[in-house]
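*Asks:* If you're matching positions, the sequence shown starts at 1 in full-length UniProt numbering and goes up one per residue. We put the beta carbon where it would ideally sit given N, CA and C, even for glycine. The structure presented is a predicted model; accordingly, all values stated were derived computationally and were not measured.
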Amino acid sequence: MQKKLFLSIIAAAWLIACNITTVARAQKTSKTATVKCENKVENDSIFEVCEELPLFPGGNMALMMYLNENVKYPAMASAHREQGRVIVGFVVEKNGSLSNIRVVRSVSPLLDAEALRVIKAMPNWTPGRHEGKPVRVKYNIPIQFKLQ
């Protein structure tokens with residue numbers, strides 16, 4: 001129970017920090033975003049910054065709850081005292097499905113596999129939008145594994 005609570009707190013803090021960084025980066029690069037708006041959006045373009053970011057169903061709090069309820073610390077990883085932050089990257093497609101799911105930052109094969117399993121099982125997201133149209137958006141999620 002304490003592990004789940006701790007994972008929830010870490011995930012919440014990380015998501016809040018990521019959102020603040022994303023907002024700050026979007027504000028600093030508004031001229032770049034304006035230039036992109038003048039270009040025609042191609043069908044297969046993958047955006048890192050767009051007008052509306054993709055959203056997990058129910059928002060960031062629902063995402064944290066999903067991770068808290070679904071991430072299971074692998075028994076072998078716990079026995080080997082493996083811990084750390086796995087960062088999983090993926091693309092939120094125009095229809096909200098996730099593709100190109102991969103580990104961006106690895107900790108161990110066991111923890112990486114668990115992080116990938118949870119992300120692959122996620123429901124479809126609300127896609128990102130640019131110029132009023134749904135677009136493909138690159139997204140990263142950190143998943144913290146910490147032993148007590």
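1. What does DSSP give as the partner residue(s) for Gly-128 in the beta ladder?
2. Just to confirm the assignment, what range does the alpha helix (DSSP H) spanning Asn-70 have?
3. Suppose you measure from the CA of Ser-106 to the CA of Asp-112; what does that come to, to the nearest Å?
4. Which value, in whole angstroms, describes the spacing of the CA atoms of Pro-134 and Glu-114?
5. Using DSSP with H/G/I as helix, E/B as strand and the rest coil, what is Val-49?
6. Reducing DSSP to helix, strand and coil, say where Arg-117 ends up.
7. Do Val-88 and Asn-100 count as a contact pair if the criterion is CB distance below 7 Å?
8. Give me, in chain order, the residues of the same chain whose beta-carbon lies closer than 6 Å to that of Leu-63; leave out the 5 immediate sequence neighbours on both sides.
9. By how many angstroms is the C-alpha of Ala-77 removed from the C-alpha of Thr-126?
10. Give the straight-line distance between the Cα atoms of Lys-72 and Ala-121, rounded to the nearest whole angstrom.
11. Excluding the 5 residues flanking Glu-93 on each side, which residues of the same chain have their C-beta closer than 6 Å to its C-beta?
12. By Cβ distance below 7 Å, which residues in the same chain neighbour Cys-50 in space, the five residues on each side in sequence not counted?
13. Just how far apart, CA to CA, sit Ile-119 and Tyr-66?
14. Tell whether a beta-carbon distance below 7 Å holds between Pro-74 and Leu-110.
*Replies:* Inspection of the coordinates gives the following:
1. As a first step, residue 128 must be located in the sequence shown, where it is residue number 128. Beta-bridge pairing links Gly-128 to Val-135.
2. The residue given as residue 70 occupies position 70 in the sequence shown. Segment 60-70, the alpha helix (DSSP H) holding Asn-70.
3. Taking the first residue of the sequence shown as position 1, residue 106 is located at position 106. Taking the first residue of the sequence shown as position 1, residue 112 is located at position 112. In a straight line, the C-alpha of Ser-106 is about 6 Å away from that of Asp-112.
4. Counted from its first residue, the sequence shown places residue 134 at position 134. Counted from its first residue, the sequence shown places residue 114 at position 114. For Pro-134 and Glu-114, the distance between alpha carbons rounds to 30 Å.
5. Residue 49 sits at position 49 when you count from the first residue of the sequence shown. Of the three classes helix, strand and coil, the one that applies to Val-49 here is coil, per DSSP.
6. In the sequence shown, residue 117 corresponds to position 117, counting from 1. It is helical.
7. As a position in the sequence shown, residue 100 is number 100, starting the count at 1. As a position in the sequence shown, residue 88 is number 88, starting the count at 1. Result no, Cβ atoms of Asn-100 and Val-88 do not sit closer than 7 Å.
8. Position 63 of the sequence shown holds residue 63. Closer than 6 Å at Cβ, skipping near neighbours: Phe-56.
9. Along the sequence shown, read from residue 1 onward, the residue named residue 126 stands at position 126. Along the sequence shown, read from residue 1 onward, the residue named residue 77 stands at position 77. Each residue's Cα considered, the two are about 33 Å apart.
10. By one-based count along the sequence shown, residue 72 stands at place 72. By one-based count along the sequence shown, residue 121 stands at place 121. Rounded to the nearest angstrom, the two C-alpha atoms are 13 Å apart.
11. For the purposes of this step, residue 93 is identified with residue 93 of the sequence shown, where counting begins at 1. Ser-99 and Arg-136.
12. Here residue 50 refers to the residue found at position 50 of the sequence shown. The answer, listed in chain order, is Gly-128, Arg-129, His-130, Val-135 and Val-137.
13. One-based indexing of the sequence shown puts residue 119 at position 119. One-based indexing of the sequence shown puts residue 66 at position 66. Distance between the alpha carbons of Ile-119 and Tyr-66 is about 10 Å.
14. Reading the sequence shown from its first residue, position 74 is the one you call residue 74. Reading the sequence shown from its first residue, position 110 is the one you call residue 110. Contact flag set, yes.
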